[in-house]
Structures are given as C-alpha cells and as structure tokens.
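Trainee:
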Amino acid sequence: MANVLVFAESHDGHVKPVTLEILGKLAGQTADVALIGDISADEVAKLAKNGAQNVHKLKGANLDKYSPEGYANALAEFIKSKNYDYVFGGATSMGKDLLPRLATKFDAGLASDVVNFTFDGGAFAGTRPLFAGKCLAKVELTGPKPHFVSIRPNALGMTASPTAGSGTATDVNANAGDIRATIKEIIKAASTKVDLTEANIIVTGGRAMKNAENFKILNELADVIGATVGASRAAVDSGFAPHAMQVGQTGKTVAPSLYIACGVSGAIQHLAGMRTSKVIVAINSDPDAPIFTKADYGIVGDLFQIVPVLTEEFKKLLGK
Amino acid sequence: MDFSLSTEQREIQELALKFARNEIIPHAQDYDEKGKFPEEIFKKAWELGLVNTCIPAEYGGTGFSAVDGVVISEALAYGCMGMNTSFMANDLALLPIVIGGSEEQKKKFLTPFTAGFRVASFCLTEPGNGSDAGGIKTQIKDGGDHWILNGEKMWITNAGYADLFVVYGTVDVNLKHKGISAIVVDPKAPGIELGKKEDKMGHRSSDTRGVRFNNVKVPKENMLGKPGDGWAIAMNTLDHSRPLVASSALGGAQRALDLSVKYAKERNQFGVPIAKHQAVQFMIAEMGMKVEAARLLVYKAAWMCDQGQKNTEIASYAKAFASDSCMQITTDAVQIYGGYGYSREYPVEKLMRDAKLIQIYEGTSQIQRLVMARELLK
Amino acid sequence: MNIFVCVKQVPDTETKITPTSDGSFIETASIKWIMNPYDEFAVEQALLVKQANPAANVTVVRVGSTKDTEALRTAMAMGADDAILVEAPDNLDSYSIAKALKGAIGKSGKTPDLILTGKQAIDDDALQVPQILAEMLKLPSVSVIVGFELQGNTAKVKREVEGGALEVYELATPCVLAANKGLNTPRYASLPGIMKAKKKPLTQLSLADVGVSDADRRVKYSGFKLPPEKPPGKKFDATDAAKQREVVAQVVGLLRTEAKVI
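Chains as they are written, first to last, in our numbering: chain G, 5 to 324; chain Z, 384 to 761; chain V, 91 to 352.
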C-alpha cells in the first residue's frame, strides 16, 4: 500500500473536481490531501467522502495567490516533513506549471497528463497519450521518492461509490520563501466564448435550422454548457450565419471534446472539418443522414423539439 | 549517380513548401475566384528570396543553380500554379538579361530586382504570332540616339504591374529570325498602352494583358547584344525556362496526387474507402508514376543547364511530359473526387483549369514535340 | 546579453505514428522531423529581443538524435547566432533533457540572461522541461506565455490559463520563459538565411559531456500502442414526442458517465 498525497488546487474555497477523481481512483492506498489556503467544512467532507484521510491546509504569508516558486516552496517544505511515496495533482494550468518544479526539488520524476493508472504492490503504473493522442504508452517512475503524477481532468471520472476516509482537517504553517515571479494582475478572458478552433464544446447548426433567428436555441444551449456556436456550409450559404462560424474544410477545422451537430446532414467537407472531435452528438430528423455514421450519440428527431429539452437537461446536470 | 537533393536544397524546398502551405494555399481559391493579382504574396515570397532565382550572386541574387530554381518553383506551384505563373514570369523576363546582357546592363537591370520588390514581363507573343515566334512583327527602328518601338504584344504576364519589360521585336521583318532583337523597355514610357486584363479559364490570379507600343522611344543602350541577337538569346532562354515552366506543372501534379490519395482514403462508398476499389487504385498508381517520371525529367533538364550541357531535347521532354501529365493527373483527381471534384468547394477543379495553360504557354505540347523530333532526327 | 533558446525536434504533425513491434517506442525511420512548433515562438521571441539589443547573442540548444539537425539549422537560418547539439536518444525523459540542457548551457561558457523554450513538445507532450530547467538553475520561470515585454532586466509576461484568462507576471532576468502560440508570429527562415546558417558554429556534445547518464532517467515509457478504434456510435429514436425527454436525459447522462466530456 502506498502513502499518497494529493495536491488539491482550490479556488475561492472550492477544490477542483479532478482532486475527487484522483481520490476515488486511489482507493486501497492511503491518501492525504494538501491544499493552499482554506476550504469550507463541506468541501473537506467532500474530500473525505472520496477517500481523503488527512486534509492539510497550508497557510502562510504570500500564498494568497499562485506563484510557481511560492507554492513549490511551501509544498516542498510540507512534503519533506512527511513520508509520502507519491504526490498526485491535476494536470490543470496550475498543476502543469507547478508540479515539474516541485518534483525537481526532490530530484524526482513526474509522470504527466496520466489518463489512467494502477498500483501493483504499491508501485504506480500509468497510461498516458503521446503524440497528440496518436498513441498510448505505459508510464512508470524511477529514482528518488516521492514520485509525482499529474492526472488529466475528466479522464478518470468520478468513482460511483468511493471508500470514505477520515477527513481530518489541520492547518499547517507554510513558508512561501523567496518569490521572484509574481502575479501583478489577472486579466479576465475578454469573451467567455472561445474561438471555434479552440473551443472545448461546439454546437453547430445546419440547413435544417431554417433561418438565422432559429440559431437562438443553439445559443441558449451553448450558454448553458459553455460552448461556441458554429454552422455548416449549407447554413452559411443560406445566409443563416456568417462565414466566420463555418465548420468544415473551407471553414474552420475543429477538434473539441464535445461536438453537437443540430440539423447537419454531414457532407464530406463538413465531416473533414470536425471528425477529430472527441465525442460527437448528432440530432437529425433523417435517420439515414451521413452525420450519424460519425456520431457517438445520435438522436433521431426534430431538432426544434429536442434542442430545448437538451438545454434543460444540461441545466439540471450542471446545477444551473 | 545520385538522385538526392543536397541538405541545403532540402531546406530550401522545406521553406518553399512551408510558404506554399501557409501563405499560398489558404488564399489561392479566393485570388482565383476574384482574379486578383497576388501582389502581397508575391512580395512576401520576394522577401524570403523565393523569386528571381535566376539572378546571379554578383547582382545581389542568392546564387542559385537551375536545380535550386526548379525545386523552389515546384514547391510554389504546389501552392498555386496560377500564382507561380506571376512569380515565374519575373525569371522568364530576367533570364534574357542574365543570358544576353552586358555587364553594365546586368548591373543596371538586375540589381533593382534584388534591392527591392519589382515585377517584370517578358513580351514575345503577338496577336498573329504565337508558336511561330520567328514571325514577330513588332518593329524596332533606329531613331538615331534611340530605338523606336511599334507593335502589339499579347498574353503578357504581369503586364499591369511590371516595372520592366523585355520586348522581342525585329529590326527588319524581311530578315526573319536574323532580324529579331531583344530590348529592355520601361513600362512607364510614353506610347505604351495596356489592354484590359484577360478573363481566363485558369491562372486567374496572374495578370495577363495585351500591350501596344506606339512610337515608344527606348534608349540605345537597352538592346541586349546587337540587332539580330534576339533569336539566339530567346533560344538560350528557353533551355533555361522550359525546366522552370515544367516544374510548375510538376508541383501542380504532385498536389493533385496528394489530394487524391488523402481523399481516396477518407471517402467511403459501398462501405469501404474508395482507395480500396481497384479502379481508384489504378488511377492513383498512374498519377504517382507520372509525377515521378516528370520529376526525373525536370530535374535532369535543370541539372544539364547547371552542367553547361545542351539540354534542348530533354527540356522539351520535361516541358511536354510534365504539363501533359499534369493535365491527366488533375483530370483524374477531379474524377476521384466525383461530384465534389466538380465543385468549387474543393481544390481539384482549379488544378484542372490551371493545368491546361501549362500545355499551352511557353511552347505548346505540340511545339515541344516538333523540337524533340528535330533534335532526334538531326 | 546571452539568450538561450531550447528547441526540440519532433515528428511533423501530419506524421502517422506507428509503435515499434516490441512497443518500446515508435518507428522513427520514415519520420519527417520538424522544429517543435511551440519552440518557433521561443526562437522568434529571442530574435525580437536581439533586434532591440543588437549586441545580444542567441544560442539554440537541442538535446536529441543526430539523424537530422533540422531544428537547429532552421533556428540559425531564422537568425540565431550559434547552436549546441547534445547527442541523445529521441526518447529521453524530461528530467534528463533538462539536466542535459543545463549542462550544455554551462559548457557554453556564457551566463544566460534569458532562456526561452516552447511550452511543450508535441511528441511526449510532457510540459515539464522549462520548469525543471528553471528549478535546476534556481531561476524563476513562467510557462505558457502569450505576451512578453523586456524593460532593462525586468520581463513583463502574460501567462495564459484556463478559459483564456491571463496572469500578468513581472520578474527579473535571468529567467526561463515557455512560449505558447499567440506570443508572436514566427518568421520564415529566408533563403539567404539558409545559406548563412551553414557557416554558423554548431557545437556537438555527448550526454557524458554534459554529465547525464542512465541514472538520471526518472520516467520510463513502455508498451507504446495505438489507441483503441472508436466503437460504432449509439443511435436513439426520439421521433415520438412522448419519449423525447427520456432519450435526451439518457444521452446527457452518457455524456457525463461514459463519454466524460461534460
């Protein structure tokens, strides 16, 4: 059995969900959590429910906002005071920046962006995609301990019925040490809508949208799930949407994790522009529409009835 | 014997292909549709040293060999045969100066093309004389301290944007070939009248016009060689320019092949990618074979230039074979794409339109065969 | 002013990746190698700094196989002054690479004022080397930068985080900065640049020269394989209005539990 620490990234008193995914998957190992700052008792309970034994809240001067050096110094000091075999964290923006630096303070290795793992007799073995997901490889760690692992968010998923831990919360006096790179300012994203080419979720309307006004129902769906709205060439040519919104060979090539095609028949040129999407949902009234050959989830039916229901169901799921 | 490119040639090819992918291909369709001269792209290509490859290092050029030149031209044509016509026209116009110009003329006319972005046109064809270049009627008359130019030229590439013309005319139409002379003309000179831009089937972005010369005064020192040297200069130029023009067809053919291979693997019919159907495989095999054969001819023709060997026969093989193959390959590419291939939404119909011109300009495929036969039967 | 740019040579993005038969790595024989695209932004930034400070010297450093020196030649053709190649296998782990880079920079005899890298290499996608190198050199670092200004020896950089928000950092040089797309528009290597690059010095070192051995390996990869084929999708009939909500709820549920995308 391995002694594991999970670094929990917290924002405004909430820990990122990837922490819970990691804890759930660590069932069978001893897992503590360390975080910087404070979280509510409810959040601690959530961690405990997913398997956290001790929850260490590191507090100290100059740790109110993230800095690679401050966080690494504080965590390194804490980890040195304990005896962990492994330190896990999420492969988030912060995790990707922080964990390599932290691991190097121990001259230790980091397996990054792991999507699945097992422990065999206390030894970690992970799986991770390489070459932009064109292949997978087994990843193992060697050299000085603790070993570090970062986990891709949403990859493990939540464990349905996790083994609970005691969830004993303690405050730890932490020392940020010398910080040379500090955040002076945070510029909020100008638009919550990211560009099609960078969007994580895309909702696209085809010719079946009938007119520009009807894109309203797609916008409503997009707002709920944080998606960017696109259009097929047929919809653009019919004047329902501007060319900037066009997905396809002569429009934009996109690769979101979720692509929802509404009333898109699936012309080859459209498929060429979106076929590398991770998950494709298609809604079309024609059961033989080519788009269904590429869809992971196809819904045969009238989009004007289905999209609003879809919006409601997503609202429920996301607690909005 | 060594068929490989040198490290630098591979790097040059890499750069030219990268330029084609990033700067030409994304815009080619739009320029074609609007028939817009690719001035910005031309300029960017010039900044990187991808055009005017024939200018020797002494006059500020990079000092490329003919093989380097065809490697670059092939890559740019891979992006767009039409745009490459504009780029290549500079070389076609400057080559007569490189070949037939005096030291002073080279310095005066070539250096500005390396010092700044400039466009040149080569004025040979006339309304009544295409393939029969020996029948040129444009008159170059001695006006005492200058030449007086009168006549009409047709299908002049880059004419509307040119900073320099190289014009072929005759000092005496009765002398036939022996009267032909080449002079460098300032396109801004009084008496020059440009026709309207031709509305063409392909190469729509290249600017093609008629040019009329009405008593245009040209300085005496602008004649390349002496009166009557023009024919020899033109023939020498062709030995250099034919591999270049052929490389343009080669680039277009390679693009059609690449697009066909990609599409054949993606497009499903009868439950399998069409690449699994033998009919499609045969077309693709034919394309590959022709592209490779064309490349060997084109590179050999250029290599002979670099070795100082007479390449007239091989250059004609290269020009005719590459352009005829390009026509066949782009036509088959449209066939493989099926209905989509016929649509402007897809890039292959443009390739087919562009291919046609290369069988026609710079010596038609039929003229090339006359040259071949003449060389073979000598 | 000494600027070091760390570059990696990676398979072209169009390359088909095939694992070796024993799964120990990928087939590299027919791969076309290119400079890691993120590293191009780092090279460009170094050249922009050099333009503003003509006395600056830009050294590109690469750890990798000698099969091809494409990345270093490209960087020098773009305008870098000299290059160092540490000969190493293509599947070295991040820790060893960072240690080799540190060693190579040390061997150059130049004290770095600025070290630029790409935010990640698109082969192993590890996103580790810049931060490890910074920690090894005891230098501050900022990764995923999309904005850069240098005033005297203060760098003002913008780091992109989730959702497109930007963290603005100020830090003194020397420091390590890892570039993201959007930082600048990398120039092309010009043809005269390619010709000039031939004459620029390229120092070749071995891993032993920079003090790296097998004992420095921290991450071991094995069992390279292609990802599983995508199974055929699921199709639901929702033409009957009465069943729509049930069907939609089921799909939404699957998107979370099975597809894990929401």
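Glycine residues also receive a C-beta, built at the ideal position from the N, C-alpha and C atoms.
State the Cα-Cα distance for the pair Z/Trp530 and Z/Met471, rounded to the nearest angstrom.
Mentor: When rounded, the distance between both Cα atoms is 28 Å.
Trainee: Measuring straight from C-alpha to C-alpha, what distance separates V/Glu336 and V/Ala349?
Mentor: Each residue's Cα considered, the two are about 18 Å apart.
Trainee: Identify the continuous alpha helix (DSSP H) that holds V/Ala210 and give its terminal residues.
Mentor: Per the sequence shown, residue 210 of chain V should be read as Gln rather than Ala. Looking at the DSSP string, V/Gln210 is not in any alpha helix (DSSP H), and its letter there is neither H nor E.
Trainee: Do the CB positions of G/Ala112 and G/Lys149 come within less than 8 Å of each other?
Mentor: Taking 8 Å as the Cβ cut-off, G/Ala112 and G/Lys149 qualify as a contacting pair.
Trainee: Would you call the region 277 to 284 of chain V in contact with the region 234 to 244 of chain V, where contact means no fewer than 3 C-beta pairs closer than 8 Å?
Mentor: No: the two stretches stay apart, fewer than three of their Cβ pairs being nearer than 8 Å.
Trainee: In the region 152 to 166 of chain V, which residues sit with their C-beta less than 7 Å from some C-beta in chain Z, listed in chain order?
Mentor: The residues in question are Arg163.
Trainee: Consult DSSP for Z/Thr714 and reduce its assignment to one of helix, strand or coil.
Mentor: In the structure shown, Z/Thr714 sits in a helix (DSSP, three-state: H, G or I).
Trainee: Just to confirm my understanding: we take G/Lys109, look at its own chain, exclude 5 residues before and 5 after, and list those with CB closer than 7 Å. What are they?
Mentor: Result list for G/Lys109: Ala76 and Ala80, in chain order.
Trainee: With a threshold of 8 Å between beta carbons, is Z/Leu627 in contact with chain V?
Mentor: Chain V contact via Cβ: absent.
Trainee: How far does the alpha helix (DSSP H) with G/Ile221 in it reach, from first residue to last?
Mentor: Here the alpha helix (DSSP H) through G/Ile221 covers Phe219 to Ile229.
Trainee: Assuming G/Thr96 contacts V/Glu252 under a Cβ cut-off of 8 Å, what Cβ separation, rounded to an integer in Å, is found between them?
Mentor: Contact flag correct, Cβ pair sits at about 7 Å.
Trainee: Applying the 10 Å Cβ sphere with the 16-neighbour rule, what's the burial state of G/Ser44?
Mentor: With fewer than 16 other Cβ atoms within 10 Å, it is exposed.
Trainee: Tell me whether G/Cys266 sits in a helix, a strand or coil according to DSSP, three-state version.
Mentor: G/Cys266 falls in the strand class under three-state DSSP.
Trainee: Would you mind working out which of V/Ala268, V/Ala305, V/Leu295 and V/Ser120 sits nearest G/Lys100, comparing C-alpha positions?
Mentor: With distances taken between Cα atoms, G/Lys100 lies closest to V/Ala268.
Trainee: Whole-angstrom Cβ separation of Z/Asp590 and Z/Asn541, contact assumed at under 8 Å?
Mentor: Correct: roughly 6 Å between the Cβ atoms.
Trainee: What does Z/Gly432 reach in chain V if we use C-beta pairs closer than 7 Å?
Mentor: The answer, in chain order, is Ser280, Leu281 and Pro282.
Trainee: Which residues of chain G have a Cβ atom closer than 7 Å to the Cβ of V/Asp214, listed in chain order?
Mentor: Here the neighbours are Leu134.
Trainee: Is any beta-carbon of chain G found at less than 8 Å from that of Z/Arg650?
Mentor: True, the Cβ-Cβ gap to chain G drops below 8 Å.
Trainee: Residues of chain V with CB closer than 8 Å to the CB of G/Phe318, please, in chain order.
Mentor: In chain order: Val342 and Ile352.
Trainee: Does DSSP classify Z/Thr494 as helix, strand or coil?
Mentor: Here Z/Thr494 sits in helix by DSSP.
Trainee: Where does G/Asp16 fall in DSSP's three states?
Mentor: Coil.
Trainee: Helix or strand or just coil, what does DSSP make of Z/Asp737?
Mentor: Z/Asp737: helix per DSSP, three-state reduction.
Trainee: Which residues of chain V have a Cβ atom closer than 9 Å to the Cβ of G/Val119, listed in chain order?
Mentor: Neighbours of G/Val119 on chain V: none; closest Cβ ~10 Å, over 9 Å.
Trainee: Opposite V/Val148 in the DSSP bridges: which residues?
Mentor: For V/Val148, which the question treats as bridged, DSSP gives the partners V/Ile93.
Trainee: Alpha carbon to alpha carbon, how far is V/Pro144 from Z/Leu734? Give it in angstroms, no decimals.
Mentor: Cα to Cα, the separation comes out at about 46 Å.
Trainee: Go ahead and label Z/Glu745 buried or exposed: buried means 16 or more other beta carbons lie within 10 angstroms of its beta carbon, across all protein chains shown.
Mentor: Z/Glu745 should be labelled buried.
Trainee: Applying a beta-carbon distance threshold of less than 8 Å, which residues of chain Z neighbour V/Lys288?
Mentor: By Cβ distance, chain Z contributes Glu391.
Trainee: Counting pairs of beta carbons, one from the region 411 to 424 of chain Z and one from the region 718 to 738 of chain Z, are three or more of them closer than 8 Å?
Mentor: The answer is yes - the region 718 to 738 of chain Z touches the region 411 to 424 of chain Z, with three or more Cβ pairs under 8 Å.
Trainee: Cβ closer than 8 Å: which chain G residues qualify as neighbours of V/Pro264?
Mentor: In chain order: nothing, as chain G lies at least about 10 Å away.
Trainee: Quick check: Z/Met666 and Z/Ile719, are their CB atoms within less than 8 Å of each other?
Mentor: The answer is yes: Cβ separation under 8 Å.
Trainee: Run down chain Z in chain order and give the residues with a C-beta less than 8 Å from the C-beta of G/Ile272.
Mentor: The answer, in chain order, is Glu649, Arg650 and Tyr723.
Trainee: Can you list the residues of chain G that Z/Glu397 reaches, using a CB-CB cut of under 9 Å?
Mentor: The premise fails here: Z/Glu397 is roughly 21 Å from chain G at the closest Cβ pair, so nothing lies under 9 Å.
Trainee: Assuming contact is defined by CB atoms lying nearer than 8 Å, are G/Thr167 and G/Ala31 in contact in what I supplied?
Mentor: The answer is yes: Cβ separation under 8 Å.
Trainee: Give me the Cβ distance between G/Ser14 and G/Gly93, rounded to the nearest whole Å; I'm assuming they're in contact under 8 Å.
Mentor: Actually they are not in contact, since the Cβ atoms of G/Ser14 and G/Gly93 sit about 12 Å apart, beyond 8 Å.
Trainee: Would you mind sorting G/Asn54 into buried or exposed? The rule is 16 or more other CB atoms within 10 Å of its CB.
Mentor: G/Asn54 is buried by the Cβ-count criterion.
Trainee: Is the region 242 to 258 of chain G touching the region 221 to 228 of chain G in the sense that three or more CB pairs, one from each, lie closer than 8 Å?
Mentor: Too few Cβ pairs lie closer than 8 Å, so no.
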